[in-house]
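Structure record follows, encoded as structure tokens.
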Amino acid sequence: MSIPLSLGMPPSREEPRGLLDALLTHRAPAPADVPARFLAPRIVTAADAEAAGDVVVELDAGAEAPAPGSRRPLRYQIDCAPEYLDDILAFTAPAPLCVYVTGDTLADTARRLTEAGHLPGLPAGRSADEIADFLAVLAHSDTGYVA
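Counting in the working numbering, the sequence shown runs from 236 upward without gaps.
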């Protein structure tokens with residue numbers, strides 16, 4: 236039996252945000268007709284992070300780690316190939332690190348990332364079985380994920 240869930244549920248005392256609040260990440264300014272409460276912080280490059288306010292900073296797996304700035308980003312985000320994963324796992328960031336790993340080992344990389352305290356990224360275009368395996372790994376972790 237299915238249980239209806241309203242996406243417009245009223246906020247609770249424990250979590251004042253609604254289910255759709257800050258859901259949409261974006262790199263460019265959002266269209267004017269998108270309500271501001273739906274927008275997550277913008278994704279910017281490390282070079283633009285200092286002047287951009289509350290942001291998600293996109294890192295390059297092949298580049299040097301960013302120099303500390305006066306503002307701490309809300310999180311870092313990086314796309315990497317499986318051959319860079321060991322380097323990423325050893326990286327300690329001053330803010331949460333979300334990692335999108337290319338390749339066919341979505342659940343295995345999610346397990347390794349959560350064990351290291353990082354947030355695994357769920358890329359678009361994955362099969363239902365891959366997503367189910369990915370979410371099964373996350374059911375036993377406390378790091379969450381980014382999609």
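Using N, Cα and C, we set each Cβ at its ideal position, and we do this for glycine too.
What three-state label does DSSP hand Thr327 in the structure shown? DSSP, read as helix, strand or coil, puts Thr327 in coil.
Can you tell which of Ala382, Gly352 and His353 has its C-alpha closest to the C-alpha of Gly360? Ala382
Beta-carbon proximity check, Val372 vs Ala351, cutoff 8 angstroms: no
Distance between Val291 and Leu341 (C-alpha atoms, nearest Å): 22 angstroms
Please list the terminal residues of the continuous beta strand (DSSP E) segment that includes Glu293. Val290 to Asp295
So the candidates are Ala284, Arg306 and Pro355; which of them puts its Cα closest to the Cα of Asp314? Pro355
From Cys333, Ala267, Ile323 and Thr260, residue whose alpha carbon lies closest to that of Arg384: In the structure displayed, the chain extends from 236 to 382; residue 384 sits before or after that span and is not available.
Am I right that Arg310 and Cys333 are in contact with their C-beta atoms under 8 angstroms? What's the rounded C-beta distance? 6 angstroms
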